[in-house]
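Enquirer:
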Amino acid sequence: MELTVYNSGNSSQSLSYQPTNTSLNTNLLNSGVDPGLVTQTSLSRASSPQQRTDNTAQSRNVINVVGSGNTLNAAAGGATLNVTGNNNVLNGGSGNDVFNVVGDGNTLIGGNGNDVLSAEGNNTLIGGEGNDTFVIPSIYFSSPSTRNPVQGQSFIQDFQIGTDKLQLPSLTTVVINARSATSSFRVVDYNELTLTQNGLNTFVNYQGNSLAELQNVSVNQLKEVDFVQPKSFIA
Numbered sequence: 001m002e003l004t005v006y007n008s009g010n011s012s013q014s015l016s017y018q019p020t021n022t023s024l025n026t027n028l029l030n031s032g033v034d035p036g037l038v039t040q041t042s043l044s045r046a047s048s049p050q051q052r053t054d055n056t057a058q059s060r061n062v063i064n065v066v067g068s069g070n071t072l073n074a075a076a077g078g079a080t081l082n083v084t085g086n087n088n089v090l091n092g093g094s095g096n097d098v099f100n101v102v103g104d105g106n107t108l109i110g111g112n113g114n115d116v117l118s119a120e121g122n123n124t125l126i127g128g129e130g131n132d133t134f135v136i137p138s139i140y141f142s143s144p145s146t147r148n149p150v151q152g153q154s155f156i157q158d159f160q161i162g163t164d165k166l167q168l169p170s171l172t173t174v175v176i177n178a179r180s181a182t183s184s185f186r187v188v189d190y191n192e193l194t195l196t197q198n199g200l201n202t203f204v205n206y207q208g209n210s211l212a213e214l215q216n217v218s219v220n221q222l223k224e225v226d227f228v229q230p231k232s233f234i235a
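At position 104 of the sequence shown the residue is numbered 104 (UniProt numbering), and the sequence of numbers has no breaks.
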């Protein structure tokens, strides 16, 4: 697992950690002290899960991880977790956390605060307390291509009507011919989505493909006001 941690000041920590199935608290900064570079041995390399705990007051850490089967705990507030891998458990802290995840089988837990949870693939999203935003997975169309344009489905366990929001998905279209390739990018309009009920849950669909499943939410509860545009994007 490759891990980089930046704090809200000028110091940074970079380290490499190889074993999977490891539980780490990634806020390794001492409160008020710049510890400099953290060595690999400070993480006590072990094949069995372990829990790292600290009481730092640092916030706005940026955590970049490539790995699978790990548990990451962002104890300080306002962390950004950028994770690529499968079957990870990602726990936000007490502040407003941002999750950017690519992979399958991951569990994102926002905790307290107004969190933004975004995951490409088949993953479980739990906002926790606060006014959370769940980003609906992106859609990719390419021509010629036979692959499914939907790259995964988010299972949202605790969407709260009137409190949480669903961010509209982006749509990327790529057309390839013998001499060139062109691409376009836009945000899908709310009216292009369809909502269907299955048991107690509601599915958010685009052209017959499911993008998100909301647990214990009925279709008639969801309104256009529950969906929001991205705050920013690069076209």
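All C-beta atoms, glycine included, are put in the ideal place defined by N, C-alpha and C.
(1) So, with DSSP's three-state summary, where would you put Val219?
(2) Can you tell me whether DSSP reads Val188 as helix, strand or coil?
(3) Does DSSP put Glu224 in a helix, a strand or coil?
(4) Going by DSSP, what residue range makes up the beta strand (DSSP E) through Glu129?
(5) So if DSSP puts Gln197 in a beta bridge, which residue, or which two residues, is it bridged to?
(6) DSSP state of Phe159, grouped into three classes?
(7) Phe134: buried (16+ other C-beta within 10 angstroms of its C-beta) or exposed?
(8) Decide if Thr196 is buried, meaning its Cβ has at least 16 other Cβ atoms within 10 Å, or exposed.
(9) Tell me, which residues are paired with Leu117 by DSSP?
(10) Could you pull the DSSP bridge partners for Ala181 from this structure?
Expert: Reading off the structure:
(1) helix
(2) coil
(3) For Glu224, the three-state secondary structure derived from DSSP is helix.
(4) That residue, Glu129, is in no beta strand (DSSP E); it is neither H nor E in DSSP.
(5) Thr202
(6) coil
(7) buried
(8) exposed
(9) Phe99 and Phe134
(10) Ile176
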